[in-house]
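**Student:**
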Amino acid sequence: MARCFRLKKFFNGCFYFFLVWYACGVILLSFDILPPWLEWANAVFLMAAGLLGGAYFIMSYGLLKGLLLSLGVIFGSIFAEHVGVKYGIIFGDYYYTKDFGPQMIGVPAAIGFAWLMIIAASHSITKTLFPQRTLFYLLPASLITVLIDLIIDPVAFEVKKYWIWEEGSSFYYNIPFSNFLGWFIVAFLLHTMIYLSVKKEWKQENIWDRRIVIVYFLVMGMFLLLAAIHGLWMAVAFTAVPAALVLYLYYKKLEKVHHDYSKQKALV
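Each residue of the sequence shown is one higher than the one before, counting from 1 in UniProt numbering.
1. Closest by CA to leucine 68, which one among Tyr162, Phe79, Gly54?
2. What does the alpha-carbon distance come out to for the pair isoleucine 78 and alanine 109?
3. Among residues of its own chain, excluding the 5 on either side of glutamate 81, which ones have a beta-carbon nearer than 7 angstroms to its beta-carbon?
4. Can you list, in chain order, the residues of its chain whose CB lies under 8 angstroms from that of valine 146, leaving out five sequence neighbours each side?
5. Give the C-beta separation of leucine 46 and alanine 156 to the nearest angstrom, bearing in mind that I take them to be a contact with Cβ-Cβ under 8 angstroms.
6. Hey, how far is the Cα of phenylalanine 31 from the Cα of isoleucine 229?
7. What's the gap between the Cα of histidine 123 and the Cα of histidine 191?
8. For proline 242, which of helix, strand or coil comes out of DSSP?
9. Are the Cβ atoms of lysine 253 and tryptophan 202 separated by less than 8 angstroms?
10. From lysine 161 to valine 241, what distance separates their C-alpha atoms?
11. Helix, strand or coil: how does DSSP classify isoleucine 148 here?
12. Please give me, in chain order, every unbroken run of the alpha helix (DSSP H) with length at least 4 that falls completely inside the stretch 103-176.
13. Let's see if you can read the secondary structure: which residues bound the alpha helix (DSSP H) around glutamate 81?
14. Of all the options Asn12, Leu129, Leu63, which has the alpha carbon lying nearest to the alpha carbon of residue 306?
15. Is tyrosine 216 closer than 8 angstroms to alanine 121 when the C-beta atoms are compared?
16. For leucine 143, which option in Val219, Ile118, Glu167, Ile175 has the closest C-alpha, if you only look at C-alpha atoms?
17. So glycine 66 and methionine 193 are in contact, right, with Cβ under 8 angstroms, and what is the actual spacing, rounded?
18. Let me know if isoleucine 27 comes out buried or exposed under the rule of 16 or more other beta-carbons within 10 Å of its beta-carbon.
19. Would tyrosine 94 and valine 85 be called neighbours here (beta carbons separated by less than 8 angstroms)?
20. When the distance is taken between beta carbons, is phenylalanine 5 closer than 8 angstroms to alanine 48?
21. Measure how close the beta-carbons of threonine 97 and isoleucine 151 come, nearest whole angstrom, since I'm counting them as under 8 angstroms.
22. Between the Cα of tryptophan 40 and those of Phe15, Asp149, Ile74, Gly101, spot the shortest distance and give me the residue it belongs to.
23. Report, in whole angstroms, the separation of the C-beta atoms of tyrosine 137 and glutamate 158, which I expect to be a contact under 8 angstroms.
24. Could you check the C-alpha separation between leucine 232 and proline 154 for me, to the nearest Å?
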């Protein structure tokens with residue numbers, strides 16, 4: 001019990017740390033006043049977001065299973081990115097620059113944590129939208145994963161130069177279509193792992209469901225802001241419209257769940 005309390009307190013602290021770090025980051029990046037010596041803060045930001053993804057899995061599915069799921073997502077995504085960097089398959093032909101923190105097998109460690117946050121949030125959102133625990137969960141969960149990359153990739157490539165595409169597409173900011181297809185495939189595999197691991201213990205919505213969804217849309221919002229500042233309006237439109245629809249459906253579903261729960265409680 002004491003260990004559980006300490007873990008909960010630690011994760012609560014991580015969530016509030018993320019919010020403070022996020023607010024500072026939005027100000028520094030929006031006004032383009034982030035000094036070069038503070039570039040490492042971007043990697044810390046993504047790792048903090050990923051840690052909250054791990055907190056979500058642990059608080060929802062227990063310490064051991066949550067930790068295993070988190071490590072599976074981190075190392076699974078880093079391996080997929082490694083294959084992409086080394087062989088030019090899955091996502092396309094690209095490489096990471098040195099401005100994105102320490103690397104593992106040619107991939108910044110922060111990327112694995114970013115995947116963890118996105119996979120955790122897309123799992124939570126889809127679990128709320130489709131609580132029936134069917135395989136249909138895999139399709140929307142994977143699409144919601146890809147959705148945030150529609151804004152991350154243009155900003156990270158065109159604005160921040162965190163990675164460079166060797167050969168792209170002239171349609172969407174020189175980002176090849178294979179990148180988004182690769183994201184969908186990797187997301188589908190990771191969500192399959194999660195579905196098979198937790199389908200018998202599909203937890204009801206809790207505080208960490210709300211928190212990880214907040215983190216997902218905060219990160220998306222920051223990239224939308226940066227895209228707008230730098231005139232990447234197509235990326236803004238392609239992301240903001242479906243994201244608004246997902247957010248609307250998500251909160252309408254939450255309202256229904258809470259209403260049904262209150263009604264059932266009143267009958268007891």
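From the three backbone atoms N, C-alpha and C, an ideal C-beta is built for every residue, glycine too.
**Tutor:** Put simply:
1. Gly54
2. 8 angstroms
3. Val107, Ile111
4. Phe180, Trp183, Phe184, Ala187
5. Not a contact, Cβ separation roughly 10 angstroms.
6. 9 angstroms
7. 7 angstroms
8. helix
9. no
10. 25 angstroms
11. helix
12. 109-129, 138-154
13. 63-87
14. The requested residue 306 does not occur in the structure, where the chain is confined to residues 1 to 268.
15. yes
16. Ile118
17. The Cβ separation is near 13 angstroms, so there is no contact.
18. exposed
19. yes
20. no
21. Contact flag wrong, Cβ pair sits at about 19 angstroms.
22. Gly101
23. With a Cβ gap of about 33 angstroms, tyrosine 137 and glutamate 158 do not count as contacting.
24. 8 angstroms
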